[in-house]
Structure formats: C-alpha cells, structure tokens
Amino acid sequence: MERFVFALAVLALADSVSFMVVMPSLSFYVDSLQGSQDFYGLVLALYSFFSFIGKPILGRWSDVSNFQTPYMASISLSVLGSILYTIAPVFSSAQTGLLVLALARIVGGLGRANSALGFAYIARASPPNQRTSTACNPRLGSDDRDGHCAVLQRFYTRLSQIVIYIMLPNLSDDDDNNGDDDNDDEKTSKESHSSK
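Residue numbers (the UniProt record's numbering): 1 to 196.
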C-alpha cells in the first residue's frame, strides 16, 4: 500500500472516531451546560458551516503551497477543536462552557475542511490509472477495473439506511400522552357527559 493512501486512511479513521465521540455526547454537553435546543441546533450547524467556509480557503492555500502545510494546519485545528470540546464542561460558568463548546465546533469545522484536500492529494500523487480505485475503493489502493467499488458503495449505503431506520425510535409517539390516546378520548367523553 502506498504511503499517501495509508496516511489518508489513518486521518479518515481519526476523523470518524472523533465524529463517533462528538455526535452522541453533544446533546448531553449542551444539556449539562443548561443550553437550549436552539443552541444545540446552532452548535451542530456551526461545524458544517465552518467546514464549508474552510474548504476553499484550504484548497487555495494548497494550490499556492505544498499539501503538507495546509494539511498539518487543518489537523492541528481539528486537535485543538477536540481539546476545546473536551474541556468545555469544566468551566464553572455555564455560559462560558457553552461559548467554549461553540468555539470548539467552529475550530473543529475549520479543521475538518481538509476532507477535500485528501481527494486533491490523491489526484496529484497517484498515477491516472489508479485514481478511481484509490479514491473510492473500500480496500484502499486495490485495483477496481470491474466497477465493484460502485456496487459495494451502493450496498453499504442501503445497508446503513436500513440499520438507521431500524434503530431510530418511533418519533410519532407523543411524550405527553405516552400512547394513551384512547384513554384520553374516553376521559374527554365522560367529562362532557357529566357536565350535561
């Protein structure tokens, strides 16, 4: 396996692990810091928005310099964002903790902007006959002349959608009535008959 492919795979793994830690814990962090649901939505959006903002900046930077400098800067931002995310609940003031949490997501989003650099690096560092197989094959670096990569990608996409559908709770149940719609109707009916 080529060195650049291994490096990109390690970075993708680190990013995935970071995502797996942040997403389940973010709502608990916001709740423990007395943040509102609106703030939770804002913090979720900040990460993606600043990743979106940072991609053309990092892309332009990598065009005028080498790949290593913008890549290392973005990785450093990701690490700094993770550290800030980790220490956000430590602050004694809930408002300060929420601000640090928002800053962590902004810095982490700017660091995550390096995802586009990986594909650009593959395009420049690999020979033209290996670019597609290197960029999309689940077995990084293997040859994909028969188009198996696309088939596997569709399969994994559908499988993940099925798993998410099965794992999601039934959101149509209302917490206020705990599924006792029939009993509420009977109570309302009895109350209206007794008032007559």
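Even for Gly, the Cβ is constructed at its ideal location relative to N, Cα and C.
Report all residues from its chain with a CB closer than 8 Å to the CB of Arg60; omit the five preceding and five following residues, and keep chain order. Looking up residue 60 in the sequence shown gives position 60. Answer for Arg60: no residue qualifies.
Taking the alpha helix (DSSP H) that Pro56 belongs to, which residues open and close that run? Looking up residue 56 in the sequence shown gives position 56. Taken as a continuous stretch (DSSP letters only), the alpha helix (DSSP H) holding Pro56 covers Gln37 to Val64.
Inter-residue spacing [alpha-carbon to alpha-carbon] between Met23 and Val43: Here the question's residue 23 lines up with position 23 in the sequence shown. Here the question's residue 43 lines up with position 43 in the sequence shown. Straight-line Cα distance between these residues: approximately 11 Å.
Take the Cβ of Asn114 as the centre, count every other Cβ of all protein chains shown within 10 Å, and call the residue buried at 16 or more, exposed below. Along the sequence shown, read from residue 1 onward, the residue named residue 114 stands at position 114. By the 10 Å Cβ count, Asn114 comes out buried.
Since Ala123 contacts Ala104 with CB under 8 Å, what's their CB separation in whole angstroms? In the sequence shown, residue 123 corresponds to position 123, counting from 1. In the sequence shown, residue 104 corresponds to position 104, counting from 1. Between Ala123 and Ala104, the beta carbon gap of about 31 Å keeps them out of contact (Cβ cut-off 8 Å).
Take every Cβ of the stretch 31-48, pair it with every Cβ of the stretch 71-79, and state whether three or more of those distances are shorter than 8 Å. Output reads no: the stretch 71-79 does not touch the stretch 31-48.
Between Phe67 and Tyr121, which are expected to be in contact by the criterion C-beta below 8 Å, what is the C-beta distance as a whole number of angstroms? Taking the sequence shown and counting its residues from 1, the one referred to as residue 67 is at position 67. Taking the sequence shown and counting its residues from 1, the one referred to as residue 121 is at position 121. Indeed they touch by this definition, with Cβ atoms about 5 Å apart.
Looking only at its own chain, which residues have a Cβ that is under 8 Å from the Cβ of Ala12, when we skip the five neighbours before and after it? On the sequence shown, position 12 is the one that residue 12 refers to. Result list for Ala12: Gly118, in chain order.
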